[in-house]
Amino acid sequence: MHIPDGFIAPQVYVPAYFLDGLFLIYAFRRFKEALEERMIPYIASLSLFSFILMSIAVPLPGGTSIHGLGIASLSLLFGPWIAFICVSLILFLEAVIFGEGGITTFPINSIAMGFLGSFSAFYAYAILKKFLSDKISLFLAGFFSTLVSAFFMALLLGIHPYIFKDSFGKPLYFPYGFSIVIPALLLPHLIVGTGEGLLTYFVVKLLRGRVSYEG
Amino acid sequence: MKDKILLSIYLSFLVLVSLVHSYEWLLGILFLLCLTVFLLPLKKREKIKILKRSFFSVFFFSVLVSVPYTIVGLFIGDNRFDYFLMINTRTLDLTLLTFVFLEVMNPFKALDFSKNLSLLLVITSSYALVYNKALKDFKDAFKSRSAGSRIRGEDFKHYLTRLVVYFFDKSKETSEDIYMAMKSRGFYYD
């Protein structure tokens, strides 16, 4: 979900830029040491693959279809750090170069979808595969990663009316509190998560044997 | 240097406008931004396109958030029209500001303080257009080969398999191509 500029307070997005920047610098350094001169080609090409996964519409029962995110697939195939970098790079290009998606909301999307989405998928799969079949674990990893991202986004939006209000108590940025924004974001993401779960299962099963490097 | 200065100005404006809560001021800023769009050395059609893009990129989320919030206010006797004006004008201001600055500055040059970041952005964005075109061809080919509007599950699975494998192999080839191109242009010291 793209939140446009204007709904997030600078007191939130400016620190979020610093935090996201720190995570990204750490991730880049990790790969620079591991891949050296192949770092840029590797990240660029995987980001392009991530861009394609984000464009795939997954059909759901009932004739509807939703766009997958491909974050869990990338995380399980190549590792959560590289998935975080690739997803953030695509979000950044969309926001800065193509003018789609908010500039002020970029770090929030990057942390929610890129960082939390990748790591929750990675660790959910690592834990679930001890108890469940591989098929179900892959599906649930994709499903949970979507819900974790949406939940973080809901928390961040929902905190605004409590902190940022005028002297009459009227909201200055996002207007809805937790009781509205959490169900409003999580319920539609149950459907998105189902699509992402199916995409994760499909993509990881298909490509698992073909991956040569895991970060 | 010019692009870096413009980027700094843009970021400062972004934060400043985010901190404005008076809709009168925000409407004034919107007027100035619209005026700036019309003063840009662009064709009339492109200027209207900027205004339209700004409006539509704000419209969907605003309809979902600020419109219901204002309507609920009417039912409970709370006049929320000031909020409606403030949030939508601010969102439009910030979006228009981004489009205006994207017209006057080169974002690649503005971000070239890091050689790696700048290179990564240029390479990825240029290849993204090629990938997007290939994806469109894939989708069109699938549509043209699907009889009627109903798509069979088995056909979709086959299409998805081909698509994922094709783009995965293509991204591996792209990685090698980029590496060789960079090496031949002297990016690495052997």
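Chains as they are written, first to last, in this note's numbering: chain H, -10 to 204; chain Z, 46 to 235.
Virtual Cβ for every residue (Gly too), placed ideally from N, Cα, C.
All figures in this text were calculated on a predicted structure; none of them were measured in a lab.
Quiz item: Could you give the distance in angstroms between the alpha-carbon of Phe40 (chain H) and the alpha-carbon of Phe212 (chain Z)?
Solution: If you take the alpha carbons of Phe40 (chain H) and Phe212 (chain Z), they lie about 10 Å apart.
Practice problem: Give every residue of the same chain whose Cβ lies closer than 8 Å to the Cβ of Thr81 (chain Z), excluding the five residues on either side of it in the sequence, and list them in chain order. | Solution: For Thr81 (chain Z), where only same-chain residues beyond five positions count, the Cβ hits under 8 Å are Val145.
Quiz item: Distance, Cα to Cα, Leu129 (chain H) vs Phe104 (chain Z)?
Solution: The C-alpha of Leu129 (chain H) lies about 34 Å from the C-alpha of Phe104 (chain Z).
Quiz item: Which residues in chain Z sit within 8 Å of Thr93 (chain H), going by Cβ to Cβ distance?
Solution: Ordered by position in chain Z, the residues that pass the 8 Å Cβ test against Thr93 (chain H) are Leu59, Ser63 and Leu139.
Quiz prompt | Rounded distance between the beta-carbons of Met46 (chain Z) and Ile29 (chain H), thought under 8 Å | solution = Taking a contact as a CB-CB distance under 8 Å, the pair Ile29 (chain H) and Met46 (chain Z) does not count as one, their CB atoms being some 25 Å apart.
Self-check item: Option in H:Pro96, H:Ile92 and H:His178 with minimal Cα separation from Pro(-7) (chain H)
Solution: With distances taken between Cα atoms, Pro(-7) (chain H) lies closest to H:Ile92.
Self-check item: Helix, strand or coil at Glu66 (chain Z) according to DSSP, with G and I counted as helix
Solution: With the sequence shown as reference, residue 66 (chain Z) is identified as His, and Glu is not the correct amino acid for it. In the displayed model, His66 (chain Z) falls within coil according to three-state DSSP, outside both helix and strand.
Practice problem: Could you tell me whether the Cβ of Lys217 (chain Z) comes closer than 8 Å to any Cβ of chain H? | Solution: Yes, contact with chain H.
Quiz item: Taking Cβ to Cβ, would you say Phe163 (chain H) is nearer than 8 Å to Pro150 (chain H)?
Solution: Yes.
Quiz item: alpha helix (DSSP H) containing Asn133 (chain Z): first to last residue?
Solution: Phe126 to Val149 is the span of the alpha helix (DSSP H), which, as asked, contains Asn133 (chain Z).
Exercise. Could you name the residues that DSSP lists as bridge partners for Lys154 (chain H)?
Key: DSSP output for Lys154 (chain H) lists H:Pro160 as bridge partner(s).
Quiz item: For the putative contact between Ala139 (chain H) and Leu174 (chain H), defined by C-beta atoms under 8 Å, what is the C-beta separation to the nearest angstrom?
Solution: Between Leu174 (chain H) and Ala139 (chain H) the Cβ distance is about 5 Å, and since that is below 8 Å, they are a contact.
Quiz item: Can you find at least 3 beta carbon pairs, one from the region 117 to 133 of chain Z and one from the region 188 to 195 of chain H, that sit closer than 8 Å?
Solution: As far as the Cβ criterion goes, the region 117 to 133 of chain Z does not touch the region 188 to 195 of chain H, which means the pair count is below three.
Quiz item: Would you say Ile54 (chain Z) faces chain H, with C-beta separation under 8 Å as the test?
Solution: No, Ile54 (chain Z) lies away from the interface with chain H (no Cβ there is under 8 Å from its Cβ).
Practice problem: Would you please state the rounded distance, in angstroms, between the beta carbons of Asp9 (chain H) and Pro69 (chain H)? I believe it to be under 8 Å. | Solution: Approximately 15 Å separates the beta-carbon atoms of Asp9 (chain H) and Pro69 (chain H); this is outside 8 Å, ruling out the contact.
Quiz prompt | Beta-carbon proximity list for Leu113 (chain H), same chain, < 6 Å, skipping 5 on both sides | solution = A small fix is needed here, since residue 113 (chain H) is Ala in this sequence, not Leu. Leaving aside the five residues that flank Ala113 (chain H) on each side, the residues in its chain whose CB is nearer than 6 Å to its CB run, in chain order, Ala130 and Phe133.
Self-check item: Beta carbon of Ala33 (chain H) nearer than 8 Å to that of Ile223 (chain Z)
Solution: Yes, the pair counts as a contact, with Cβ atoms nearer than the cut-off.
Self-check item: Extent of the continuous alpha helix (DSSP H) to which Met46 (chain Z) belongs
Solution: Looking at the DSSP string, Met46 (chain Z) is not in any alpha helix (DSSP H), and its letter there is neither H nor E.
Quiz prompt | Segment contact flag, the region 65 to 77 of chain Z with the region 125 to 134 of chain Z, C-beta cutoff 8 Å, min 3 pairs | solution = Using a C-beta cut-off of 8 Å, the region 65 to 77 of chain Z makes contact with the region 125 to 134 of chain Z, since at least three inter-stretch Cβ pairs fall below that distance.
Quiz item: If Asp138 (chain Z) sits next to Leu78 (chain Z), beta carbons under 8 Å apart, how far is it from one beta carbon to the other, in whole angstroms?
Solution: Right, the Cβ-Cβ distance comes to about 6 Å (below 8 Å), so this counts as a contact.
Quiz item: Leaving out five residues before and five after Leu179 (chain H) in sequence, what residues of the same chain have Cβ atoms less than 8 Å from its Cβ?
Solution: Within the same chain, and ignoring the five residues on either side of Leu179 (chain H) in sequence, the residues whose Cβ sits closer than 8 Å to its Cβ are Leu136.
Quiz item: With a CB to CB cut of under 6 Å and the five nearest residues on each side skipped, what residues in its chain are close to Leu37 (chain H)?
Solution: Excluding sequence neighbours, Leu37 (chain H) sits near nothing in its chain.
Practice problem: For His66 (chain Z), decide whether its Cβ has a neighbour in chain H, counting only Cβ atoms nearer than 8 Å. | Solution: Yes, His66 (chain Z) lies at the interface with chain H (some Cβ there is under 8 Å from its Cβ).
Quiz item: So, is Lys215 (chain Z) buried or exposed, given that buried needs 16 or more other C-beta atoms within 10 angstroms?
Solution: The residue is buried, with at least 16 neighbouring Cβ atoms inside 10 Å.
Practice problem: State the CB to CB distance for the pair Val260 (chain H) and Leu187 (chain H), rounded to an integer number of angstroms; the pair is presumed to be in contact (CB under 8 Å). | Solution: One cannot answer for residue 260 (chain H) here, as it falls past the ends of chain H, which runs -10 to 204.
Practice problem: For the alpha helix (DSSP H) holding Asp123 (chain H), just list the boundary residues, first then last. | Solution: Per DSSP, Asp123 (chain H) belongs to the alpha helix (DSSP H) from Asp123 to Gly147.
Quiz item: Roughly how many angstroms separate the alpha carbons of Lys202 (chain Z) and Arg125 (chain Z), rounded to a whole number?
Solution: In this structure, the straight-line span from the alpha carbon of Lys202 (chain Z) to that of Arg125 (chain Z) is close to 49 Å.
Quiz item: Can you list, in chain order, the residues of its chain whose CB lies under 8 Å from that of Ala155 (chain Z), leaving out five sequence neighbours each side?
Solution: Excluding residues within five positions, the ones whose Cβ falls inside 8 Å are Asp48, Lys49, Leu51 and Leu52.
Exercise. Please state if the CB of Phe104 (chain H) and the CB of Phe12 (chain H) are separated by a distance shorter than 8 Å.
Key: With a cutoff of 8 Å on beta-carbon distance, Phe12 (chain H) and Phe104 (chain H) are scored as near each other.
Practice problem: In angstroms with no decimal places, state the Cα-to-Cα distance between Pro(-1) (chain H) and Gly198 (chain Z). | Solution: In a straight line, the C-alpha of Pro(-1) (chain H) is about 46 Å away from that of Gly198 (chain Z).
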